[in-house]
Amino acid sequence: MAVLKEIEEEIKDSLATSRRSFVTTMFAISGAIVGGLLALPLFRFTTFPLKKVESEGDWSDVGPAADFAALTAPVAKTITVERRDAWQTASSQTAVYVLPAKDGVLKILSPVCPHLGCSVQWQDAQNKFVCPCHSGSFAMDGQRLGGPPPRSMDALESKVENGTLKVRYRYFRQLVNTQEPMA
Ligand code: FES
Numbered sequence: 701m702a703v704l705k706e707i708e709e710e711i712k713d714s715l716a717t718s719r720r721s722f723v724t725t726m727f728a729i730s731g732a733i734v735g736g737l738l739a740l741p742l743f744r745f746t747t748f749p750l751k752k753v754e755s756e757g758d759w760s761d762v763g764p765a766a767d768f769a770a771l772t773a774p775v776a777k778t779i780t781v782e783r784r785d786a787w788q789t790a791s792s793q794t795a796v797y798v799l800p801a802k803d804g805v806l807k808i809l810s811p812v813c814p815h816l817g818c819s820v821q822w823q824d825a826q827n828k829f830v831c832p833c834h835s836g837s838f839a840m841d842g843q844r845l846g847g848p849p850p851r852s853m854d855a856l857e858s859k860v861e862n863g864t865l866k867v868r869y870r871y872f873r874q875l876v877n878t879q880e881p882m883a
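Residue numbers (this note's numbering): 701 to 883.
Dropping the structure here:
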């Protein structure tokens, strides 16, 4: 009888141990997943400095320059960016902001926040750009107003050719107070 009791106790102990290790494993897995998601912007930042600037990049069409002549607020436009390396060409779509002309010259801003890379949005009601991630804010001309971004929004090289507004799209290093092209 005593032997049976002993065996019963051992089985109970072993069940309790495996339940505990199952719960511990589940906590470890969910912790790793959340940690990975939170680390994404940081990962993007830490990989940026590894990318060398290979070339100046191609010019992308933004649209007829005349369409932007009467702007009174920044407008978002989607552009197609082509990137070439020795073996292949890849194209992707991205957004840029065209600002109202100053002294007849149009200026284009990257919407990528110089803090951790979220997409900055123009808010008509507030008359400023606001980053949805950590509330960084910028004036209509892209100048930093407040929040964690270390610098103003990044201006992109632009020109008007045969009546078409063109932009040279670039990425810039985040978390630094100077505009450093990365790709
Ligand atoms: S990513 Fe824009 S304020 Fe943090």
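Beta carbons: idealized from backbone N, C-alpha and C, even for Gly. Only a predicted model underlies this, so the values are computations on that prediction, with no experimental measurement involved.
- Contact between the stretch 842–856 and the stretch 808–818 is present, with at least three C-beta pairs closer than 8 Å.
- Of the heavy atoms belonging to ligand 1, none sits nearer than 7 Å to the Cβ of PRO850.
- One alpha carbon belongs to ASP758, the other to GLU782, and they sit about 7 Å apart.
- Within the model, the alpha-carbon separation for GLN879 versus TYR871 is close to 10 Å.
- Around the Cβ of TRP822, a 10 Å sphere holds 16 or more other Cβ atoms; the residue is buried.
- Looking at LEU771, VAL876, VAL796, TYR869, the one whose alpha-carbon comes closest to that of LYS802 is LEU771.
- The secondary-structure analysis by DSSP pairs LEU856 across a beta bridge with ILE808.
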